[in-house]
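Number of protein chains: 2
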Amino acid sequence: MLGEDGDPDTTVEAPDTLETLRSTIVQVYEDLSRRMKQVATFVLDKPEDVAFETLAVIAERADVQPSAIVRFAKILGYPGASQMQKVIRDELLANHMTLAYGERARQFTAASGEADGATDNILGEYVEADLVSLNHLRQSISAAQIREANAAIAQASTVYIAGFRRAFPPASYLAYALQRAGKRTCFIDGTGGLWANQIRGIQPDDLLIAISFRPYAEETVKCHAIALERGAPILSITDSNVSPLVKGSGQVLLVRDAEVRSFRSLTATLCLVQSLVISYAFASQEHDN
Amino acid sequence: MLGEDGDPDTTVEAPDTLETLRSTIVQVYEDLSRRMKQVATFVLDKPEDVAFETLAVIAERADVQPSAIVRFAKILGYPGASQMQKVIRDELLANHMTLAYGERARQFTAASGEADGATDNILGEYVEADLVSLNHLRQSISAAQIREANAAIAQASTVYIAGFRRAFPPASYLAYALQRAGKRTCFIDGTGGLWANQIRGIQPDDLLIAISFRPYAEETVKCHAIALERGAPILSITDSNVSPLVKGSGQVLLVRDAEVRSFRSLTATLCLVQSLVISYAFASQEHDN
DNA sequence: ATCGATATGGAATATTTATTCCTTCTTATT
DNA sequence: AATAAGAAGGAATAAATATTCCATATCGAT
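Chain order of the listed sequences is Y and F.
Residue numbering for the first sequence follows our numbering, beginning at 1 and increasing consecutively.
Residue numbering for the second sequence follows our numbering, beginning at 1 and increasing consecutively.
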């Protein structure tokens, strides 16, 4: 038995870095019970969730009881789940936050002005930022994820596509291209405010592809909810694990688009969407022959 | 008085992104009391702290009372401090956490075989091709051209935007973004086949931005012709000098998008369009002041 | 200098969140 | 098949955290 509860001596262990935590989990994994394995997998898989969400949310996402998480943390030697969370949180914050800080607010100083050669090399800036985000995209999405998405599309009787505001262009492209690729496609474009009617026809053998970015458009979130309720599988393309689209989605593709002067690009998203369509087109073609 | 408490109507505001939050703070800053300024500064300065610590901790670091933070959040229109925290937290997570992906847990799962070659690295190919086309874009469009385009947009009473088929996504983005930038915009989306009616209202002091690529969509070409006939200036975004959009257009921006397995990308076009919008937004902002 | 109005600190309260504990299942062993 | 030991679920409880409220202080106007 590992890390029995009350004992004051077993508390010496308890990993205090993400790495040691991970390796500890891997070490003990085989000896864990089914539920504990479930929690273990989740912690390894989604450390950001474990770090920044409440136990109730984590529990829901991992599909376990809150108490199971507490038990798991205790097995690892922590006094409670909170302490385990803190270890992960600190590490994630330390690693990734600092990097991001190059361009912190020029604060008040000319809050409005911008002045200088401002508009002069915007295109250059944009290209630069997009290059970075594309490279990141290449690294963050695996071929397996693309394949999985293709399978989902292939299986679907009809593909519903939802995307509003900033997500509208990639969504419209996806709808257009999938249709041309011979897939039955329904683009929820919200013309005349009829989006709710459009999505309500979705069936369990269809697929909803929902695209949304902060601040998540209400319509898309609602579509997601309706699809979920109607038992249809969902593929979400969004920008973070805290997106409202994540919960309940069979597959989630995370995209980190570039940002220039607080305007967000769409390049990475579009690139991903196009890759999806093309690989779907090729896959289905191969299959047909 | 800003963001009075109980009023149900004042709750409409409340920034829902870090950027809008920041600019709101900057805007109201001068009207704040001493303590509130202290909180404001801290929020601008240490968003990570505000996002991830408890009120008690934040309060201590900012050297104020917890209640002061709550009060501050309410001034900004939030129901409480928690909601303000959530906005910041989500954004920081969205921005920086995704970076941590890519090396996600293969851990157990025995890394199922990376099967078939065909669809396997489409994303990689795409990224590669897009990188090239972006670099090309940077070299082929000059800052002067962007400036000229801005001037044309600025002068126009209303901007009409036409783009169908493959050009639809960038056109829809342009329409969306220009509108948000405060420009009167009419997007010719052809809903219900009414595009001809939409464009016929164009005036000589308006501007048509027409986007089209081979094989040039008939609708766009017709829009172009109508605008010409009605004496409105035209800015065309297209892919060659022999495009039907070139003749009669006051300005032409040529884009050479990447092509992967005979599918054409949209990245360069979108990048150009976004650059246009941003530089317009900044230019017009400067002008206002 | 006095009054009124607004802002502040901090204790009291409400709410949310974590943890515990007891009952019900599971599963392995005889 | 019966039994016992461990695991899991979930309600109850404890802890923490956020929010409210009010007495006191500060500031500006007369």
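Note that CB positions come from ideal geometry on N, CA and C, so glycine has one too.
- Straight-line spacing of the CA atoms in Leu207 of chain Y and Ala177 of chain Y works out to 16 Å.
- Residue state for Tyr78 of chain Y is assigned as coil, using DSSP reduced to three classes.
- Proximity of Val273 of chain Y to chain F, defined by a Cβ-Cβ separation below 7 Å, is not satisfied.
- For Gly124 of chain Y, the nearest beta carbon of chain F is closer than 7 Å to its own beta carbon.
- Ranked by how close their Cα comes to the Cα of Ile141 of chain F, the residues Y:Val221, Y:Ala281, Y:Asn121 and Y:Leu44 have Y:Asn121 in first place.
- The beta-carbon of Pro215 of chain Y is placed less than 7 Å from the nearest beta-carbon of chain F.
- Neighbours of Pro79 of chain Y across chain F, judged by C-beta separation under 9 Å, do not exist; the nearest C-beta is about 18 Å away.
- Excluding five sequence positions before and after Arg214 of chain Y, the CB atoms of its chain that fall closer than 7 Å to its own CB belong to Asp239, given in chain order.
- Per DSSP, the unbroken alpha helix (DSSP H) holding Val26 of chain F starts and ends at Leu18 to Val28.
- Per DSSP, Ser236 of chain F is one residue of the beta strand (DSSP E) stretching across Ile234 to Thr238.
- The C-alpha of Ser133 of chain Y is placed about 30 Å away from the C-alpha of Ala62 of chain Y.
- Contact note: Ile141 of chain F reaches chain Y through Leu123, using a C-beta cutoff of 8 Å and chain order.
- Within chain F, not a single residue places a beta-carbon under 9 Å from that of Leu253 of chain Y; the smallest gap is close to 10 Å.
- No Cβ of chain Y is located within less than 7 Å of the beta carbon of Asp49 of chain F.
- Contact with chain F is found for Arg138 of chain Y, since one of that chain's Cβ atoms lies less than 7 Å from the residue's Cβ.
- Judged by DSSP secondary structure, Leu207 of chain Y falls outside any alpha helix (DSSP H) and instead within the beta strand (DSSP E) spanning Leu207 to Ser212.
- In the DSSP assignment, Ala162 of chain F forms a beta bridge with F:Ile188 and F:Ala210.
- The closest CA to that of Ile209 of chain Y, considering only Y:Asn150, Y:Asp257, Y:Leu137 and Y:Leu76, is found on Y:Asn150.
- Residues of the segment 228 to 249 of chain Y that bring their beta carbon within less than 8 Å of a beta carbon in chain F comprise Asp239, Ser240, Asn241, Val242 and Ser243, in sequence order.
- Against chain Y, a Cβ distance below 8 Å from Ala152 of chain F picks out nothing, because the smallest value is about 14 Å.
- Within the segment 115 to 158 of chain Y, the runs of alpha helix (DSSP H) at least 4 residues long that lie entirely inside it are, in chain order, 122 to 140 and 143 to 155.
- For Arg22 of chain F, the CB contacts under 7 Å within the same chain, skipping 5 residues up- and downstream, are Leu44 in chain order.
- Pairing Lys86 of chain F with Ala73 of chain F, the inter-Cα distance amounts to about 12 Å.
- Taking C-beta separations shorter than 8 Å and ignoring five residues to either side along the sequence, the partners of Ile146 of chain Y in its chain run Ser275, Leu276 and Ser279, following chain order.
- Contacts between Glu91 of chain F and chain Y, judged by CB atoms closer than 8 Å, involve Arg214 in chain order.
- If you compare the alpha carbons of F:Asp205, F:Glu125, F:Leu174 and F:Leu32 with that of Ala152 of chain F, the shortest gap goes to F:Asp205.
- At the C-beta level, Leu92 of chain F and Ala51 of chain F come within 7 Å of one another.
- Contact between Glu148 of chain Y and Gln251 of chain Y holds, with the beta-carbon distance rounding to 6 Å and staying under 8 Å.
- Between Asp49 of chain Y and Asn241 of chain Y, the gap from beta carbon to beta carbon is short of 7 Å.
- In the structure shown, the three-state DSSP call for Leu272 of chain F is helix.
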